[in-house]
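Participant:
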Amino acid sequence: MTSALEVPLDPKVLEGLPQPPTITLQSPKDYIFDPRENIVIHCEAKGKPHPSFSWTRNGTHFDVEKDSKVLMKPGSGTLVIDISGEKAEAYEGTYQCTAHNEHGTAVSNNIVIRQSRSPLWSKERNEAIVVQMGVSLVLPCRPPAGLPPPVIFWMDNIFQRLPLNDRVSQALNGDLYFSNVLPEDTRSDYICYARFPHTQTIQQKQPISVTVLDSNPAGERRPGFMAPLGSSSTKMVLRGETLELECIAEGLPTPEISWLKESGEMPSGRMSLHNFQKTLKIVEVTEADAGDYRCTAKNSLGSAYHIIKVTVKAAPFWISAPRNLILAPNETGVLICRVSGEPKPIISWSVNGVPIENAPQDPSRAVEQDTVIFSSVQTGSSGVYQCNASNEFGYLMANAFVSILAEPPRVLTPSNNVYQVISNRPALLDCASFGSPIPVITWFKDSQTSIQDGDPYVIHNNGTLEINVAQPLNSGKYTCIATNNLGIKENHVYLEVKEPTRILKQPEYKVVQRNRNAVFECKVKHDPSLVPTTTWLKDNGELPDDERFVVDTDSLTIKDVTSEDEGTYTCIMNTTLDQDSASAMLTVVEATPTPAIVYEEPEPPADLELTDQRERSVQLTWIPGDEHNSPTQKFLIQYEDLLHQPGVWINLTEVEGASTTAHLSLSPFVYYSFRVLALNHVGYSRPSQPSRQYRTTPAAPDENPSDVQGVGTEHSNLIITWMPLTGFQSNGPGLQYKVQWRQKDVDQDWSSETVSNVTQFVVSGTPTFVPYEVKVQAVNDYGSGPEPEAVVGYSGEDFPLSAPESVQVMVHNSTLAEVHWEPVASSTVRGKLQGYKVYYRRERGLHEAEAEAEQQEQVLTFSGNRSEGRLPGLQPYSLYNLFIKVLNSKGEGPPSNGKSFETPEGVPGPPSFLNIINPNMDSLTLEWGPPLNNNGRLTSYTLKYQPVNNTNELGPVEVKTFPANETSFTLANLKSSTLYKFYFNAQTIKGSGPTITEEAFTIMDTTVASRQVDIATQGWFIGLMCAIALLILVLLIVCFIKRNKGGKYPVKEKEDAHQDPEIQPMKEDDGTFGEYSDTEDHKPLKGSRTPSNGTVRRDESDDSLVDYGEGGDGQFNEDGSFIGQYSGKKEKDTHEGNESSEAPSPVNAMNSFV
């Protein structure tokens, strides 16, 4: 039977191929809409030619054109229903979309449209509850049924959440349970709230009043169940959903709840306990979770239990969904629709939306339950087949087209590609092809030698040629030829094998005195055609930004080292193909250390003696040596294994410095010799003389090899590796390893091999990427080690076979898009699914005629089995192209079909410049440049300007608007000798961009200035000033003479004669006149702030730098006037909006709890 042909995603190939419709995007089966918003029912499809769309509602044709409230998007089947002013219930129903072209018809799922509902609480009157202390109590909630169901929580009348604990708990149905009540439970405001998620509305029940009396308290009692009732109950859950089991008990003291599955263990990774152990939750339920669950309530007086019988049913789920099938004429293929479910689903087939039994007969087609078989197909048999699998819990429906193509071969890999690899590494030469029938690929080297599949070459199913270990002799020209019965096509590529980069002279450990220079060398050998770049790191980070660090071609010099320069320095040599690195440490010491007292290492211990000799232990004693002015801190005991590692001394144990005896634990089959070293604060002593030899007897191994792993390096092998035991660990002669393996979850016996002197074992002929259980056990001549634990490993992976399909892009705004795709089938991943890589590139701006050169491709990786992802940071008003690859541990699969999309316009960037030229007395000329990033089509520029007077006050704002094509303007009718401030920005249809500001003066009026200068230079004015100065001088001389004679001058006499009570002496503390204030001199300037005491401090005057240069940010209000004091600081970004503060509301308070 012929395998299905994969359609390449190359747009040049797809452009000429006919293709039946494929649904690429559709709304979920159950669509609950908010009546405040439009209903949007998605239906997107692709095909060649592009399909047309139609809809059914409740099983009958839905004529979209006759309903003015319904709009179908152009080129799409997506419906937008405007329900404003309409009854939303009128559009509830079951919708189905049909996409049709001349090659077939695809249909969507049945999409059930329902309106979200948040009904009011039914009116009720709650009677006050009075209970005795210690009894149990249930407060019912009984919320109204909403769509979707509401979230329930209890609060008081000040919107504080009621505290829950092991005694007081909220059940899954919302009721509030008290295992026993206490006096502190008395309150009049037990309120049940229901929050409806879709409409974000909250309804509340009438408050319930509870009074707890202690006049006749209930006594202690055994536990009993409040919910569920009885000794057992049943619970049904669907596969894949979440199972929630609940047990709430009453009793005094408060019972504790525990859970147990009687028929097996609970899944630890998917199970969790909530609500103080009262709720058991299991996520992603499987059939294995069915069984009897026992919840036990226990207190000091006894216990009670309840059995919940859980059954697991399953809506239909895919085992193998049908995939699109492309066949050449006379070929054979199958569509397989394999599903499972409980009860078993019923499978039905349709073709082009018509049940297959009612469709026109096709002799090449045969239906056998879940399989449609095509034999000797002919041109014209194309169509879209629908598989529908249903049971009482739901249905699955999938479209898969069958397309009959006859295409000669095409080689999709660009010709004359040059592949560069490093010697001894794998090389992969691509030969992607397309044709129908599928072309056969053959390879030739240097156009002569035919390459066969085998060592050292591997020819993959997709035509790629792999050289396992590339050598220089593999360099040259390679030719791949694609052949089918309709033609032949060849392509040439080239392989260059380069020498590896190696550091020949590595940096060495340096001990350098402070203020000296340190030099690290790093000399490299590399392929002559590759240019290496050198990078130095300090402690795995960048070098300090310090001119003392000098990097040359093959060295690093650190001048005048300091103690901060200590650390590890790493030299990294990079080429475009590989890298090498080496590290060394720098230690900085003082130049001339002069210790006050001479301290030395202690003398070595002496007279080592072995006593209390046993098979696995011995006691060692010694005599300490001279401590040399520094107390001994500890003794280090070392041993030499003369049998396995002669000449190597290994640390065994340490004892305190006051001890001279150590009890040593020993291993079997070792020829021991011991020595002791003493440590003080200076360092270790020389080792003592060795003790006499002590031999232990052999035994079976005590341990097995560690770090056992099973990893495949090829798609058909499993390599089992382990960390071998040392001779010391072997415990005896004849050490071997028993390697065991078997395929996991398959009923088969263990396979085993016993090997020696190796650390790995290769299992060949394994299936691709399946789990194996492996274990390795140590064995020697005296027996086997302990039974090893099995480790799960996987056989080798292979590159993914298929690419994501149905790539769709939803553009959210000018900088964010969301991409959707159909995940690949798990069987084609052929390894551990790592995720999906989205490659996207900006082709050009929408206002540009041609694509920009050298646009950098961007890549985002979405981990796991994803089907969507977001692309942030896009540039507005641009054309983008993207494709997607699936990723496993082996590498990436083929790329998906390319998808182009456009981003809408955004606000522009700031104008590139604003210059003010040609200042005159009453005019200024402004020149400006367009924004560097238009982010759309510029519509206009806006200029706001205002004068600034001598006290830094701002005058009225003037506003002017200019067309987008203007770059200069002259402002007339301005005031002379005046500072003006200008605010300038650009607009698109999306709004205004950031503002830039400038300031400029108009020229002073020279006529007034010259007139003032003429008055000041008049002769009469100069004479008057001289006379006044002479009169003052004479007066001062007369006063001086009179004062020296002791007489009173007239002013003094008048002061003595008339003492004015209003005139007070100067205050001694600050030298100012008491109670006196010059109201004229101290009036606050206009626009300044006056303190409450009526005085003006100097640091609050309008001449301060704070008011002019560093004041608060000014802003324009809605009518363009300026708010706040004038600031000479230029605005940085007018897009930063003012966030309003909002008083907390009850709804906000309650939303914070759920």
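Under numbering that gives the first Met the number 0, the first residue of the sequence shown is numbered 0, with each subsequent residue one higher. Glycine is no exception: its CB is placed at the ideal position from the N, C-alpha and C atoms. Since the model is a prediction, treat every value here as computed from it, not as a measurement.
Of all the beta strand (DSSP E) runs that stay within the bounds of the segment 597–659, which reach a length of 3 or more residues?
Facilitator: Whole beta strand (DSSP E) segments, 3+ residues: 605–610, 616–622, 633–640, 644–655.
Participant: Could you round the C-beta distance between E91 and R113 to whole angstroms and report it? I think they count as a contact, below 8 Å.
Facilitator: For this step, residue 91 is matched to residue 92 along the sequence shown. For this step, residue 113 is matched to residue 114 along the sequence shown. The pair is a contact, with the Cβ atoms about 6 Å apart (cut-off 8 Å).
Participant: Helix, strand or coil: how does DSSP classify E1074 here?
Facilitator: Stepping through the sequence shown from its first residue, residue 1074 is reached at position 1075. The pLDDT assigned to E1074 is 37, lower than 50, so where the model puts this residue is not dependable; a value taken from the coordinates is nonetheless given after this. Note: E1074 maps to coil in three-state DSSP.
Participant: Kindly indicate which residue of N933, S866, K28, I355 has the alpha-carbon position closest to the one of E847.
Facilitator: The residue labelled residue 847 in the question sits at position 848 within the sequence shown. That would be N933, whose Cα lies nearest to the Cα of E847.
Participant: Just to check my reading of the structure: G930 and G908 have Cβ atoms closer than 8 Å, yes? What is that Cβ distance to the nearest angstrom?
Facilitator: What you label residue 930 is simply residue 931 of the sequence shown in a count that begins at 1. What you label residue 908 is simply residue 909 of the sequence shown in a count that begins at 1. The amino acid occupying residue 930 in the given sequence is Pro; Gly does not appear at that position. Confirmed, Cβ separation roughly 4 Å.
Participant: Whole beta strand (DSSP E) runs in the segment 905–937 with 3 or more residues, listed along the chain?
Facilitator: Listed in chain order, they are 910–916, 923–930.
Participant: Give every residue of the same chain whose Cβ lies closer than 6 Å to the Cβ of L536, excluding the five residues on either side of it in the sequence, and list them in chain order.
Facilitator: Counting from one through the sequence shown, the residue named residue 536 turns up at place 537. Closer than 6 Å at the Cβ level, and outside the excluded window around L536, lie T569.
Participant: Check Y1156 in the structure and name its three-state DSSP category.
Facilitator: Residue 1156 is absent from the model: the chain starts at 0 and stops at 1153.
Participant: Roughly how many whole angstroms lie between the Cα atoms of P17 and P48?
Facilitator: By one-based count along the sequence shown, residue 17 stands at place 18. By one-based count along the sequence shown, residue 48 stands at place 49. Whole-angstrom Cα-Cα distance: 7 Å.
Participant: Using 8 Å as the cut-off, can you tell me whether the segment 219–226 makes contact with the segment 248–260, which would need three or more C-beta pairs spanning the two stretches below that distance?
Facilitator: The segment 219–226 vs the segment 248–260: in contact.
Participant: Locate the alpha helix (DSSP H) running through V1176, then write down its first and last residues.
Facilitator: Absent from the model: residue 1176. The displayed extent of the chain is 0 to 1153, so no value can be given.
Participant: My parser needs the alpha helix (DSSP H) runs of 4 or more residues fully inside the segment 697–744; what are they?
Facilitator: Complete alpha helix (DSSP H) runs here, min 4: none at all.
Participant: Pop quiz: G624 and S664 are said to be a contact at Cβ under 8 Å. What is the actual Cβ separation, rounded to whole angstroms?
Facilitator: Here residue 624 is taken as the residue at index 625 of the sequence shown, counted from 1. Here residue 664 is taken as the residue at index 665 of the sequence shown, counted from 1. Not a contact, Cβ separation roughly 26 Å.
Participant: Is it buried or exposed, C1025, if we count other Cβ atoms within 10 angstroms and call 16 or more buried?
Facilitator: Working through the sequence shown from its first residue, we reach residue 1025 at position 1026. Exposed: under 16 other Cβ atoms inside 10 Å.
Participant: Under 8 Å between the Cβ atoms of G795 and E713?
Facilitator: Translated into positions along the sequence shown, residue 795 becomes position 796. Translated into positions along the sequence shown, residue 713 becomes position 714. Yes. Within cutoff.
Participant: With DSSP as the reference, please indicate the residues paired to W535 in a beta bridge.
Facilitator: The count along the sequence shown starts at 1 and reaches residue 535 at position 536. Answer by DSSP bridge pairing, in chain order: C570.
Participant: Opposite D29 in the DSSP bridges: which residues?
Facilitator: Residue numbering aside, residue 29 sits at position 30 when the sequence shown is read from its first letter. Paired residues: V111.
Participant: For R1097, count the other beta carbons within 10 Å of its own beta carbon; 16 or more makes it buried, fewer makes it exposed. Which is it?
Facilitator: In the sequence shown, residue 1097 corresponds to position 1098, counting from 1. Confidence at R1097 is low in this model, with a pLDDT of 37, below 50, so the placement of that residue is unreliable and no value is reported for it.
Participant: Could you tell me the distance, in whole angstroms, from the CA atom of M132 to the CA atom of G250?
Facilitator: For the purposes of this step, residue 132 is taken as residue 133 along the sequence shown, with counting starting at 1. For the purposes of this step, residue 250 is taken as residue 251 along the sequence shown, with counting starting at 1. Distance between the alpha carbons of M132 and G250 is about 12 Å.
Participant: For G954 and T814, I'd like the C-alpha separation in whole angstroms.
Facilitator: Numbered from 1 along the sequence shown, position 955 holds the residue referred to as residue 954. Numbered from 1 along the sequence shown, position 815 holds the residue referred to as residue 814. Approximately 39 Å between the Cα atoms of the pair.
Participant: Flag this pair as yes or no: are the beta carbons of D184 and C140 separated by less than 8 Å?
Facilitator: Residue mapping note: residue 184 aligns to position 185 of the sequence shown, counting from 1. Residue mapping note: residue 140 aligns to position 141 of the sequence shown, counting from 1. Result no, Cβ atoms of D184 and C140 do not sit closer than 8 Å.
Participant: Taking the alpha helix (DSSP H) that V669 falls in, what are its first and last residues?
Facilitator: Within the sequence shown, residue 669 is the residue found at index 670, counting from 1. Run containing V669: none; DSSP gives neither H nor E here.
Participant: T987 to K980, Cα distance in whole Å?
Facilitator: Here residue 987 is taken as the residue at index 988 of the sequence shown, counted from 1. Here residue 980 is taken as the residue at index 981 of the sequence shown, counted from 1. Answer to the nearest angstrom: the Cα atoms are 24 Å apart.
Participant: Which residue comes first and which comes last in the beta strand (DSSP E) that contains V837?
Facilitator: Sequence index remark: in the sequence shown, residue 837 carries index 838 (1-based). It spans 832–844 - the beta strand (DSSP E) in which V837 sits, taken as one unbroken run.
Participant: Closer than 8 Å is the cut-off here; do at least three beta carbon pairs connect the segment 429–449 with the segment 468–484?
Facilitator: Taking 8 Å as the limit for Cβ pairs, the verdict is that the segment 468–484 does touch the segment 429–449.
Participant: Please work out which residues of its chain come closer than 7 Å, Cβ to Cβ, to I38, disregarding the five sequence neighbours upstream and downstream, and give them in chain order.
Facilitator: Numbered from its first residue, the sequence shown carries residue 38 at position 39. So the qualifying residues of the chain are F32, I80, I82, Y90, I112.
Participant: On the CB-based measure, 16 or more other CB atoms within 10 Å of its CB, does V745 come out buried or exposed?
Facilitator: For the purposes of this step, residue 745 is taken as residue 746 along the sequence shown, with counting starting at 1. Counting Cβ neighbours within 10 Å, V745 comes out exposed, since fewer than 16 surround it.
Participant: Could you give the residue range of the alpha helix (DSSP H) that holds V828?
Facilitator: The residue labelled residue 828 in the question sits at position 829 within the sequence shown. Its alpha helix (DSSP H) spans residues 825–828.
Participant: In chain order, what are the residue ranges of uninterrupted beta strand (DSSP E) at least 3 long that sit wholly in the segment 62–147?
Facilitator: Complete beta strand (DSSP E) runs here, min 3: 69–71, 78–80, 92–100, 103–106, 110–114, 128–131, 136–138.
Participant: Could you work out which residue in V549, K524, P601, M584 is closest to Q578 when comparing CA atoms only?
Facilitator: Within the sequence shown, numbered from 1, the residue matching residue 578 stands at position 579. Of V549, K524, P601, M584, the residue nearest in Cα terms is K524.
Participant: In chain order, what residues of the same chain lie with their CB nearer than 7 Å to the CB of S888, ignoring the 5 residues before and after it?
Facilitator: Residue numbering aside, residue 888 sits at position 889 when the sequence shown is read from its first letter. Contacts found: E796, G830, K831, Q833.
Participant: Which stretch, first to last residue, makes up the beta strand (DSSP E) that contains Q1214?
Facilitator: Because the chain here runs from 0 to 1153, residue 1214 falls outside it and cannot be looked at.
Participant: Counting along the chain, where does the beta strand (DSSP E) carrying W54 start and finish?
Facilitator: As a first step, residue 54 is located in the sequence shown; it is residue number 55 there, counting from the start. Segment 51–56, the beta strand (DSSP E) holding W54.
Participant: Between N972, M71, S187, G379, which has its C-alpha nearest N329's C-alpha?
Facilitator: Walking along the sequence shown from the start, residue 329 turns up at place 330. Of the listed residues, the one whose Cα sits closest to N329 is G379.
Participant: Compute the Euclidean distance between the alpha carbons of S374 and K28, then round it to the nearest angstrom.
Facilitator: Translated into the one-based positions of the sequence shown, residue 374 becomes position 375. Translated into the one-based positions of the sequence shown, residue 28 becomes position 29. Approximately 35 Å, taken between the alpha carbons.
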